[in-house]
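First up is the structure itself, then whatever we jot down about it.
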Ligand code: C2E
Ligand code: MG
Ligand code: MG
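Written out as structure tokens, the structure reads:
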């Protein structure tokens, strides 16, 4: 029975994703990222949202999991990328120091057309490439290592930056890391959670920050919920912060630009 329920749920979710693509009914929220030293706004991460029939938002992580398994993620990511570029263009033109981060699934990495699609979206929307950062999870990067390195180099050639998302959960060995030409590491929330209570997590973050800086890579800590975490991250030399403590994801019309 339980298996039947799960299949039914997956089927319904897949159908609502398909319908949302057809009806253009996905929404975008943007979560601010701040410089840790002076709390200056440095950019936003676009996060996909979908309203349920009762008006509440479905869990994005659950939607993404189903989309990944069904392959719908390819179309969804393209929708998100294009619409985020359109929505944020006026903001980055008026505030050229701000960056827009967009998540893409690892499923794009082996696709030959991925780079040309991004170039096309940039051209069509007129969004400046230097203001765009693509986030790929560390685990999918490792899964497609060779292709991923090519893609990162290709993105760099067109002026787009790359971040490794959920860093610390993908088990990259340290010698791998020195070969990955990314601009930014996003330390996963699970390490941020333990930073005030666990010496091990604090040491891990310390080493990652040092290593990242040796490679000229910036470090963002994700999912930071309390000020005491911020003071520790600041001591450790972390560059920036994204978390509920300084800003939740919000729709475009509610962004404050500070
Ligand atoms: P992510 O890319 O690591 O994004 C950060 C997630 O952490 C977001 O969840 C955000 O709302 C949440 N978060 C940020 N700060 C805090 C905090 O202080 N506390 C807590 N508890 N949570 C915090 P969200 O929006 O539910 O998205 C979940 C994941 O879904 C994202 O994780 C990303 O992997 C994926 N995702 C979202 N939008 C897209 C998309 O357009 N394409 C793809 N491929 N994946 C997406
Ligand atoms: Mg992300
Ligand atoms: Mg993450």
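Residue numbers (my numbering): 42 to 299. The beta-carbon is built from N, C-alpha and C at its ideal position, and this holds for glycine as well.
Go ahead and label residue i buried or exposed: buried means 16 or more other beta carbons lie within 10 angstroms of its beta carbon, across all protein chains shown.
i           : result
residue 137 : exposed
residue 261 : buried
residue 269 : exposed
Can you tell me which of the three DSSP states residue i falls into?
i           : result
residue 134 : helix
residue 178 : strand
residue 238 : coil
residue 199 : coil
residue 208 : strand
residue 227 : strand
residue 156 : helix
residue 378 : It is not possible to answer for residue 378, since the shown part of the chain is limited to 42 through 299.
residue 104 : helix
residue 220 : coil
residue 164 : helix
residue 121 : helix
residue 268 : helix
residue 185 : coil
residue 150 : coil
In the DSSP assignment, what are the bridge partners of residue i?
i           : result
residue 87  : 71 and 143
residue 92  : 98
residue 281 : 76 and 261
residue 291 : 71
residue 82  : 75
residue 173 : 141
Candidates the options: which alpha carbon is nearest residue i's?
i           : options               : result
residue 128 : 210, 68 and 272       : 68
residue 264 : 97, 231 and 293       : 231
residue 98  : 70, 182, 158 and 43   : 70
residue 279 : 205, 253, 215 and 286 : 253
residue 109 : 92, 133, 59 and 135   : 59
Which same chain residues end up closer than 6 Å to residue i when comparing Cβ atoms and leaving out the 5 residues on each side of it in sequence?
i          : result
residue 50 : none
Enumerate in chain order the residues of its own chain whose CB-to-CB distance from residue i is below 8 Å, with the five nearest sequence positions on each side excluded.
i           : result
residue 96  : none
residue 151 : 185 and 188
residue 83  : 74, 75, 76, 138, 139, 140 and 281
For residue i, I'd like the list of residues in its chain whose CB is within less than 7 Å of its CB, leaving aside the five on either flank, ordered along the chain.
i           : result
residue 158 : 119
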